[in-house]
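K.L.:
Numbering (this note's numbering), first residue to last: 1 to 88.
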């Protein structure tokens, strides 16, 4: 949306990403209802750092989860992508 408003081409690198919630659920074999950020942190024995629902702080917490998943043996792979503006 911001790219459209700013009349910028959507960057190719941003069309694929790792959905940490999806990866967490698959790796630890938990239902989607157990993949909310606060729950994932709690289950991994981590405190919620900083302010909830702050974009930067949420990103830092997701990075901490990703590091822990890697330490636990998870191979994080791209699991979501956008094609013609639609989530696939």
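Built from N, CA and C at the ideal position, the CB exists for glycine as well.
Pick out whichever of 38, 22, 41 has its Cα sitting closest to the Cα of residue 32.
P.N.:
Along the chain shown, one-based indexing puts residue 32 at 32. Ranking the options by Cα distance to residue 32, first place goes to 22.
K.L.:
Pick out the complete alpha helix (DSSP H) segments inside the segment 28-71, 4 residues or longer, and give them in chain order.
P.N.:
Within the segment 28-71, the alpha helix (DSSP H) runs of at least 4 residues that lie entirely inside it are, in chain order, 37-43, 55-71.
K.L.:
Assign residue 78 to buried or exposed, taking buried as 16 or more other Cβ atoms, counted over all protein chains shown, within 10 Å of its Cβ.
P.N.:
Here residue 78 corresponds to residue number 78 of the chain shown, with the count starting at 1. Exposed, since its Cβ has fewer than 16 Cβ neighbours within 10 Å.
K.L.:
Considering just the uninterrupted stretch of the beta strand (DSSP E) at residue 75, what are its terminal residues?
P.N.:
The residue given as residue 75 occupies position 75 in the chain shown. Residue 75 -> no beta strand (DSSP E), and no H or E assigned at all.
K.L.:
So which of 1, 39, 19 has the shortest CA-CA distance to residue 11?
P.N.:
For the purposes of this step, residue 11 is taken as the residue at position 11 of the chain shown. When only C-alpha atoms are compared, the closest one is 1.
K.L.:
Would you kindly check if the distance between the Cβ of residue 24 and the Cβ of residue 38 is under 8 Å?
P.N.:
By 1-based counting over the chain shown, the position of residue 38 is 38. By 1-based counting over the chain shown, the position of residue 24 is 24. The answer is no: Cβ separation not under 8 Å.
K.L.:
Rounded to whole angstroms, what is the Cα-Cα separation between residue 43 and residue 50?
P.N.:
The sequence position of residue 43 within the chain shown is 43, counting from 1. The sequence position of residue 50 within the chain shown is 50, counting from 1. Residue 43 and residue 50: Cα-Cα distance of roughly 18 Å.
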